[in-house]
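As structure tokens, the structure follows; a few thoughts come after it.
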Amino acid sequence: MTLSKDFGCVCDAVENIADLQDAVEEQCSTSCYSNLLSPVNTLGDTIPFILYTEKGEPFKAFGNVGELQSGDCFNTIFFRVESVKKCCATLRLLIAFDDKKHVLNFHKNSACDVFRLEKTDNCIEVDLKCFCSIQCLNPRLINRTLNGDD
6 MTLSKDFGCV CDAVENIADL QDAVEEQCST SCYSNLLSPV NTLGDTIPFI LYTEKGEPFK
66 AFGNVGELQS GDCFNTIFFR VESVKKCCAT LRLLIAFDDK KHVLNFHKNS ACDVFRLEKT
126 DNCIEVDLKC FCSIQCLNPR LINRTLNGDD
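Straight run, no breaks: the sequence shown in this note's numbering ends on number 155.
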């Protein structure tokens, strides 16, 4: 890693996630410091995570604002790191669905309602020094299907 330890554990964790995801792209439990993407052929290229504010609440972002792309506007607490530089990160928003394929709204729903996460084309730039904690999630949540679904 090239990031100084002076920035804190959230920066270190997100940079570690980026390194692991990049390693999967280069080479074809839920701790942020273990290789969550092994074996590569079954887990894909994404380690989803939740960032928490200093108040202990999940950080929320909005996607498809103005509905300029196909689909409705949504909010999410789930992210994929795209890049990190000096504790500033580009995060891809992950849209969350329940087991009935309904998009979840995190003004009403809990993270416990999530069955599936999907990558979107929406990204956000964040200063990782603004967050107090990070929770890594199982990569199997990405594009998860019910048994028998295609």
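Backbone N, C-alpha and C define an ideal beta-carbon position, used for all residues, glycine too.
Since this is a predicted model, take the numbers as computed values, not measurements.
Subject >> Limits of the beta strand (DSSP E) - the one that residue 119 falls within >> reply: Here residue 119 is taken as the residue at index 114 of the sequence shown, counted from 1. From DSSP, residue 119 is part of no beta strand (DSSP E); its letter is neither H nor E.
Subject >> Sequence-distant residues of its chain with Cβ nearer than 6 Å to residue 92 (five each side left out) >> reply: Within the sequence shown, numbered from 1, the residue matching residue 92 stands at position 87. Once the five neighbours on either side are set aside, the close Cβ partners of residue 92 are 12, 16, 133, 134.
Subject >> Segment contact flag, the segment 59 to 70 with the segment 80 to 91, C-beta cutoff 8 Å, min 3 pairs >> reply: yes
Subject >> The beta strand (DSSP E) enclosing residue 97, as first and last residue numbers >> reply: Within the sequence shown, the letter at position 92 stands for residue 97. Start and end: 93 to 102.
**OP:** Work out the CA separation of residue 130 and residue 73 for me, nearest whole Å.
**Re:** On the sequence shown, residue 73 is found 68 positions in, with the first residue counted as 1. On the sequence shown, residue 130 is found 125 positions in, with the first residue counted as 1. Using only the alpha carbons, I get a separation of about 20 Å.
**OP:** Leaving out five residues on either side along the sequence, give the residues of the same chain with a beta carbon under 6 Å from the beta carbon of residue 147.
**Re:** Walking along the sequence shown from the start, residue 147 turns up at place 142. Excluding sequence neighbours, residue 147 sits near 49, 51, 122.
Subject >> Distance, residue 76 Cα to residue 70 Cα >> reply: On the sequence shown, position 65 is the one that residue 70 refers to. On the sequence shown, position 71 is the one that residue 76 refers to. Taking the straight line from one Cα to the other gives about 10 Å.
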